[in-house]
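Per my numbering, the very first residue in the sequence shown carries number 2; after that it's consecutive.
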Amino acid sequence: ATRSDLLTAFSRGATRHSPLADATNLHAQSATLGDNAAALAEIMAAEDLKLVPVCDAQAHPVGVVLADDIVLFALGLPRAA
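Structure representation (structure tokens):
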């Protein structure tokens, strides 16, 4: 669940004892290691996403792509360590 998901759940009456499933977005976006950066940028812009998890072929999370990463990539600048 993202911070936005949690805030929405709390605004609807969830408490810290509520199951995480009550705050989880069941339609979350994810990317794979082979996805195209331009297509991912379009999805992120259309859905106002700040980050997208990246999963391997077995659907295990291996990292995240941040909106800032897309901008740096488009500008040809290195990602900060």
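The beta-carbon is built from N, C-alpha and C at its ideal position, and this holds for glycine as well.
Counted within 10 angstroms of its Cβ, other Cβ atoms place residue i as buried (16 or more) or exposed
i     : result
Asp70 : buried
Val63 : exposed
Ala10 : buried
CA nearest to the CA of residue i, picked from the options
i     : options                    : result
Gly77 : Ala32, Gln30, His18, Ala38 : Ala38
Leu67 : Ile44, Ala58, His61        : Ile44
Ala2  : Pro54, Asp36, Ala40, His61 : Pro54
Rounded C-alpha distance that separates residue i from residue j
i     : j     : result
Leu42 : Ala32 : Checking the sequence shown, residue 42 turns out to be Ala, not Leu. Computed Cα separation, rounded: 11 Å.
Val65 : Val72 : 14 Å
Cys56 : Ala29 : 12 Å
Ala22 : Gly14 : 14 Å
Ala47 : Ala40 : 11 Å
Helix, strand or coil at residue i [DSSP, three-state]
i     : result
Ala60 : coil
Ala40 : helix
Leu34 : coil
Leu67 : strand
Leu52 : strand
Thr25 : coil
Leu73 : helix
Ala81 : coil
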